[in-house]
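Protein chains in written order, with the numbering used here: chain A, 459 to 617; chain B, 13 to 777.
Note that beta-carbon positions come from the ideal geometry of N, C-alpha and C, so glycine has one too.
Notes follow the structure.
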């Protein structure tokens, strides 16, 4: 069946099966492999992408559900001049990943939080991010990265 | 002690940003799951529903007739290859042959045009089984009438890393036994002023790498090429060479970024199976396991330990004795080495004059156990460090002071025949105790503890590398060490940049392609910084020596007249950068110099272990008496790393390891009910989450440059896990007065222990 939506601010039209998940369409049809798949039961958060700004688990979200919507993936955060999103930069600066497999989903979940709540408390960060699992870092540097990115974004918005 | 205590570092010992940072935060880092080969097919695996059964027949005709299916491979289709593999014991068939030994064992694989088709065809395969009596615990396996899992005696694997004889298949279910002994334990316990004795259980756990096992194999006339999420590509190459009876040069393992390992991707896993699929299907084949399947592939050894420890009237530990039964599951995997290591690690980093540790691992009809971060150490540090606290309480000593008084001292030969202790436990303990506020008043139902562990780490020293210095002064490091997230792609360039005096940004790593990168035994046992780091340092110096000779040639002087300066050479007035040396030598602005290094068990690496991996951890917990729930108030890690090549990365390893250890202490446990693993899914297996974050965390490093590695460095990354379960058990005892000798300390176990304590007190009252 035909499917069209906006992906990282570009119009996309493609053919897919009704049972295809958004993760399958992104990874297999569009070769956008930044979105990782781990648990396949929307528990670990590795596959998190934004649909109309709302974080969803692409591993179980049917691609068809994204029709005519705005999908943002990790590939959509870097500016065309190569500048990283403040969250991406903060993840580097705070050593907020090791193996990197959970990182795209982690950054997308964090983006959803900061878009909604630009000045989250530590408890709000922990509560929002609880659906994303990281096995490497012990979460400590990830919380620090989100706090740092929030500060940077606050400064940017004042300019 | 390191001969060179350099301190004015330019690149090393700085927390430089990770070299893989940008690719990982933009989603561009490639893992095996992201790769596709031209003409690639996909495999799915049919698994045994029975724990122990004969395979009477397999009818695959309907599955093979299913549209889109290329072929179905079973244990009956493996004539022409050697289907048994194993670096320690060659007991593991790539698909079940004649019988299955655990529920979840691969019985057949379907290769099809896509994963869905392969999955659909699985249920068209008809397997007839005859169920056999099964055993699930070491106790059942050791019983006189226990069925034997393995009837035949196996060959030793070529790369056992272990000197004991192969006991597998010798008429019992013992996979491997190991024993250490010195002094006179019986006499010491008779003369002891106080003794603590107890039985402990350390659970089966799952490493849960976020990336489940995945491999792509392409078997053709050129040989075998495999892309895999393997930690040790050279070890896997050896197994594959044996399976297909090929020269080493015809087997190529390529490992891109790995999505977490923690030991669970050590050694060979699904590679022989996917290679057999490609061999049969005559095309490249990809096999991507689900998390549930990964949980049916590897776990840690669970351990039943009886231990006793004795102290004399002066508070000196005089003896420790233990008997350990480990549950290695259906196949040996790396368990022989886990048995050896867990035996050695019972001693803890304490100087104990009388020791007797007897340890056996048993085959059972459960998921095969193998390496897991810490490698047998956590299993025995739960009993060991629990008994230290109990002994201290028994003789009225502060457990921190008691540890200080008994810990191995720098340079002490506390383990006969092994490398003298190369850490500084006193400083580790002091730092941990200070971090958790030792001696300050505690609130009700709070407990505060410190604990240590010491592991004979580094595995076997066999490592080589090549450093290519290019004509523009940039550098490529060729390394067989795998980037699992631990940061080898950052640390190794830091060492090369330090030595060669070139900018860190100009050093790139090419890693883990056995056709290209020189041999490295493995990426595990915290060995990369120490061994590969030393190789990179030596190879950089080798390149410098060659460039000095080249500079002499260019300047028409003797090499002795050439003086090295940072990033190049000087001779009188003339000064040349490495780039200028190379370009002038070849008379072309291109070309390169290759520095090499081979590390073996010789020189400073002749004593084993390569280094003692030591760390202290400390914590403060609170216990809710109503529910038994434990909350982590504070957590402190102290990594005794000699010198941190990249302090932020070293601390990151410590908090990651401590969090895994905390998970085991609080809630992680694979549970069998009868023949089935009942919580073998991410929905049921409880992992640490954001909301489990300790309220306060302090990370510390002790850097005395006392390691055998570059600039006095030594490894880290496992030790902070090892003592966490003991820490939590000790803290619970302190907080609410119940001693729990089993991990994890789930709310239910704590609540039951509290209830029992109350009823005992009521009975007494």
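**OP:** Please list the residues of the stretch 551-584 of chain A that have a C-beta atom closer than 8 Å to any C-beta atom in chain B, keeping them in chain order.
**Re:** 551, 553, 555, 556, 557, 558, 559, 560, 561, 562, 565, 583, 584
**OP:** Answer yes or no: do residue 536/B and residue 243/B have a C-beta to C-beta separation smaller than 8 Å?
**Re:** yes
Subject >> Same chain, Cβ closer than 7 Å to residue 570/B, five either side skipped, listed in chain order >> reply: 564
**OP:** Rounded to whole angstroms, what's the CA-CA distance from residue 14/B to residue 720/B? Just pull it up for me.
**Re:** Confidence in residue 14/B is poor, its pLDDT being 42 and thus under 50, which makes the residue's placement unreliable; the coordinate value appears in the next sentence. When rounded, the distance between both Cα atoms is 6 Å.
Original post:
How is residue 289/B classed by DSSP in three states: helix, strand or coil?
Top reply: helix
Original post:
Mind pulling the beta strand (DSSP E) runs of 3 or more residues that sit fully within the stretch 317-405 of chain B?
Top reply: 329-341, 366-375
Original post:
Within 8 Å (strictly less), CB to CB, does residue 756/B reach chain A?
Top reply: no
Original post:
Does the stretch 601-617 of chain A come close enough to the stretch 540-550 of chain A that 3 or more CB-CB pairs lie under 8 Å?
Top reply: yes
Original post:
Is the CB-CB distance between residue 31/B and residue 501/B below 8 Å?
Top reply: yes
**OP:** Please report how far the alpha carbon of residue 442/B lies from the alpha carbon of residue 374/B, in whole angstroms.
**Re:** 40 Å
Original post:
CB-CB under 6 Å to residue 58/B, same chain, minus the five flanking residues each way: which ones, in chain order?
Top reply: 119, 120, 134, 137
Original post:
Going along chain A in order, which residues have a C-beta closer than 9 Å to the C-beta of residue 779/B?
Top reply: For chain B, the structure presents residues 13 to 777; residue 779/B sits outside this window and is missing.
Subject >> 7 Å Cβ shell around residue 518/B - same chain, five flanking residues per side excluded >> reply: 485, 486, 487
**OP:** Identify which residue in 73/B, 630/B, 82/B, 110/B has its Cα closest to the Cα of residue 95/B.
**Re:** 110/B
Original post:
Among 551/B, 525/B, 533/B, which residue has its Cα nearest to the Cα of residue 2/B?
Top reply: What is shown of chain B runs 13 to 777, which leaves residue 2/B out entirely.
**OP:** With DSSP as the reference, please indicate the residues paired to residue 611/B in a beta bridge.
**Re:** 475/B
**OP:** To the nearest angstrom, report how far apart residue 494/A and residue 476/B are at their CA atoms.
**Re:** 33 Å
**OP:** Check whether the Cβ of residue 463/A lies closer than 8 Å to any Cβ atom in chain B.
**Re:** no
Subject >> First through last residue of the alpha helix (DSSP H) which encompasses residue 598/A >> reply: 598-616
Original post:
Quick one: does the C-beta of residue 63/B sit closer than 7 Å to a heavy atom of the ligand ADP?
Top reply: No copy of the ligand ADP appears in this structure; indeed no ligand is present at all.
Subject >> Contacting residues, own chain, Cβ-Cβ under 6 Å from residue 445/B (five flanking each side not counted) >> reply: 412, 462
**OP:** Pick helix, strand or coil for residue 787/B, following the three-state DSSP scheme.
**Re:** Outside the displayed range of chain B (13 to 777) lies residue 787/B, so it cannot be described from this structure.
Original post:
Does DSSP put residue 779/B in a helix, in a strand, or in coil?
Top reply: With chain B running from 13 to 777 in the structure shown, residue 779/B is simply not present.
**OP:** Ignoring anything shorter than 4 residues or poking outside the stretch 113-194 of chain B, list the alpha helix (DSSP H) runs there in chain order.
**Re:** 127-134, 150-154
**OP:** Report the three-state DSSP secondary structure of residue 104/B (helix, strand or coil).
**Re:** strand
**OP:** Pull up the distance between the alpha-carbon of residue 762/B and that of residue 529/B, whole angstroms please.
**Re:** 51 Å
Original post:
Any Cβ of chain A within less than 8 Å of the Cβ of residue 643/B?
Top reply: no
Original post:
Helix, strand or coil: which one does DSSP assign to residue 774/B?
Top reply: helix
Original post:
Does the separation of the CB atoms of residue 611/B and residue 474/B fall below 8 Å?
Top reply: yes
Original post:
DSSP state of residue 763/B, grouped into three classes?
Top reply: helix
**OP:** Within 10 angstroms of the Cβ of residue 42/B, are there 16 or more other Cβ atoms? Answer buried if so, exposed if not.
**Re:** exposed
**OP:** Return the first residue and the last residue of the beta strand (DSSP E) that residue 594/B is part of.
**Re:** No beta strand (DSSP E) contains residue 594/B, which is instead part of the alpha helix (DSSP H) from 590-598.
Original post:
Should residue 463/A and residue 507/A be called a contact, given that it needs their Cβ atoms to be closer than 8 Å?
Top reply: no
Subject >> Proximity of residue 378/B and residue 114/B at Cβ, strictly below 8 Å >> reply: yes
Original post:
When you compare each of 418/B, 509/B, 202/B, 481/B to residue 465/B by their alpha carbons, which one comes out closest?
Top reply: 418/B
Original post:
Since residue 624/B sits in a beta bridge, which residues does DSSP pair it with?
Top reply: 468/B
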